[in-house]
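Notes for the one structure printed next.
Residue numbers (our numbering): 6 to 274.
Set out below in structure tokens:
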């Protein structure tokens, strides 16, 4: 039987080496794929940004006309109880003694304060005056609806903050003194403490100015922020006038924001 010649194993097929052009093409595809994924993610993130911006703009715009739809008793309740709002965390109660007709800003501010607020414009001014539970103090609370945009409000706030305009005694809000009430003698000379807040999420300036109901004069006015500071011993501080202005202005500011939030949510439905 003839011998079978040895079998030689077949050599594996040769895989052609990838040329430089094909390598570059593959790399380009990889980069393109990563770019598309990254671009999609970035696009998704950017798509949300205008929505957030638009929502803020809608809310800001709502603030310009909110005073027409919100009942006056919501902005300025007939009676008001705030827990922990007084000196030492004491509860405080107030009764509204009058609401001014909504108007422009003529006569509502000291001349220099009106000049400082002028760049923002005055679309409407809402005011009410309160007395405390013992009829010892009187406080006018105000909401100035401005005519500027959000950038204008930010510029106004920066200026008030940088120049401490809310602490100057020659830039104070003026009281509203309803006739035939405990506040009828509440004039410029009776002002003892005040607070001014420039908002940036709404076209609004919220303020309060307070004094004694007996029409006494001669009390050196002190901004509320200083009058409520621990250890303050001035007459406005000892009488709790800084707390009065802070509490009533703060309540109006919160009420405005709550009403603005509700109106914005309603319009989005």
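Each residue gets a CB set at the ideal place from its N, CA and C atoms; glycine is no exception. Computed from a predicted model, the values in this text were never measured in an experiment.
1. Go through its chain and collect everything with a Cβ distance to residue 89's Cβ below 7 Å, but skip five positions before and after it.
2. Does DSSP put residue 198 in a helix, in a strand, or in coil?
3. Report the residue from 252, 263, 71 and 167 whose alpha carbon sits nearest the alpha carbon of residue 212.
4. Is residue 194 buried or exposed, if buried means 16 or more other CB atoms sit within 10 Å of its CB?
5. Suppose contacts are defined by Cβ-Cβ distances below 8 Å. Is residue 83 in contact with residue 107 by that definition?
6. Beta-carbon within less than 7 Å of residue 5's beta-carbon, same chain only, minus the 5 sequence neighbours each way: which residues are those?
7. Going by beta-carbon coordinates alone, are residue 197 and residue 240 separated by less than 8 Å?
8. For the beta strand (DSSP E) holding residue 209, just list the boundary residues, first then last.
9. Near residue 149, which residues of its chain fall below 6 Å by C-beta distance, leaving aside the five closest residues on each side in sequence?
10. For residue 229, which residues in the same chain have their Cβ closer than 7 Å to its Cβ, ignoring the five residues on either side in sequence?
11. I need the DSSP call for residue 145, collapsed to helix, strand or coil.
12. Are the Cβ atoms of residue 176 and residue 115 separated by less than 8 Å?
13. Buried or exposed: where does residue 258 fall if 16 or more other Cβ atoms within 10 Å of its Cβ makes it buried?
14. Near residue 207, what residues of its chain come up, given a Cβ to Cβ distance below 7 Å and the 5 sequence neighbours on each side ignored?
15. What did DSSP end up calling residue 104 once you bin it into helix, strand or coil?
16. Report buried or exposed for residue 164, applying the criterion of at least 16 other Cβ atoms within 10 angstroms of its Cβ.
17. Could you give the DSSP three-state label for residue 86: helix, strand or coil?
18. Classify residue 190 as helix, strand or coil using the three-state DSSP reduction.
19. Comparing alpha-carbon positions, which option in 244, 268 and 273 lies nearest residue 70?
20. At a cut-off of 7 Å, is residue 187 close to the ligand ZN when judged by its beta-carbon and the heavy atoms of the ligand?
21. Less than 8 Å between C-beta atoms, sequence neighbours within five positions excluded: which residues of the same chain meet that for residue 63?
22. Count the other C-beta atoms from every protein chain shown that fall within 10 angstroms of the C-beta of residue 235, then say buried if there are 16 or more, exposed otherwise.
23. With distances taken between CB atoms, is the gap from residue 103 to residue 186 smaller than 8 Å?
24. Assuming residue 214 and residue 144 make a contact with CB atoms under 8 Å, what is their CB distance in whole Å?
25. Report the residue from 122, 101 and 100 whose alpha carbon sits nearest the alpha carbon of residue 110.
26. Who are residue 135's beta bridge partners in DSSP?
27. Alpha carbons only, please: which of 118, 179 and 92 is nearest the one belonging to residue 169?
28. With burial defined as no fewer than 16 other Cβ atoms inside 10 Å of the residue's Cβ, what is the status of residue 171: buried or exposed?
Concretely, from the data shown:
1. 96
2. strand
3. 252
4. exposed
5. no
6. Because the chain in this structure spans residues 6 to 274, residue 5 falls outside the shown range and cannot be described.
7. yes
8. 209-217
9. 130 and 210
10. 198, 199, 200, 247, 250 and 251
11. strand
12. yes
13. buried
14. 65, 68, 261 and 265
15. strand
16. exposed
17. strand
18. coil
19. 268
20. This structure lacks the ligand ZN; in fact it carries no ligand of any kind.
21. 269, 272 and 273
22. exposed
23. yes
24. 7 Å
25. 122
26. 101 and 144
27. 118
28. buried
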